[in-house]
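Here is the structure we will look at, set down as structure tokens.
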Amino acid sequence: MDETDAAGTSVSEIMSRQIVAIRSDCELRLALDAFVRTALRHLVVVDPDRTCHGLLSAEQALLALGSTPSGPGQAPRLVADTLTRTPVAERPRVHRDASVRDAASVMLDALVDALPVVDDSGRVVGVVTWSDIVALVAGRHLLGTDRP
Numbered sequence: 607m608d609e610t611d612a613a614g615t616s617v618s619e620i621m622s623r624q625i626v627a628i629r630s631d632c633e634l635r636l637a638l639d640a641f642v643r644t645a646l647r648h649l650v651v652v653d654p655d656r657t658c659h660g661l662l663s664a665e666q667a668l669l670a671l672g673s674t675p676s677g678p679g680q681a682p683r684l685v686a687d688t689l690t691r692t693p694v695a696e697r698p699r700v701h702r703d704a705s706v707r708d709a710a711s712v713m714l715d716a717l718v719d720a721l722p723v724v725d726d727s728g729r730v731v732g733v734v735t736w737s738d739i740v741a742l743v744a745g746r747h748l749l750g751t752d753r754p
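This note's numbering applies: residue 607 is where the sequence shown begins, and numbers increase by one.
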């Protein structure tokens, strides 16, 4: 596959459909448990009403826990505490029909390495990562497979 073909490929062809969601009001330590159990690098963060807030990376979670005092009398750190204060509607995401080029552009503009992929109703249907895009360009991505 050449660079032009790769850029025009739909995000839905390379995204991971294996997603794990965590509520924004959960303790951050539960997110770490989910990262360990699933071996994923990103969790989809949702409100109690299932509105997508964005993604939480394992790196973000570890940095947040490492910078938080812990011990008796300390309130537990919540997943929501680690997320950007940007309004939900403005947080980076990409539609499943968007091109890989569009997804890469959003990632570069937002300085992120992964995006939630949404359908027409805004429901998260997958996650696309920078690694997915690099693998596609390198000819190492198995298009149309549901990989972990």
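Think of the CB as a built atom: it goes at the ideal place given N, C-alpha and C, for glycine as much as any other residue.
- Listed in chain order, the alpha helix (DSSP H) elements of length 4 or more contained wholly in the stretch 662 to 737 are 664 to 672, 685 to 688, 706 to 716.
- DSSP links L649 through a beta bridge to L662.
- Less than 8 Å divides the Cβ of S630 from the Cβ of H659.
- Where A627 is concerned, the enclosing beta strand (DSSP E) starts and stops at 627 to 629.
- Between V651 and the set A612, P698, V743, the nearest pair of CA atoms involves P698.
- In this structure the stretch 611 to 618 does not touch the stretch 676 to 696; the number of beta carbon pairs closer than 8 Å is below three.
- If you draw a straight line from the Cα of S711 to the Cα of L742, it comes to about 15 Å.
- Straight-line measurement puts the Cα of A645 at about 19 Å from the Cα of V718.
- The shortest C-alpha to C-alpha distance from I739 to any of R707, D725, G732 is the one to R707.
- Annotated as distal: H701 and V733, with beta-carbon spacing of 8 Å or more.
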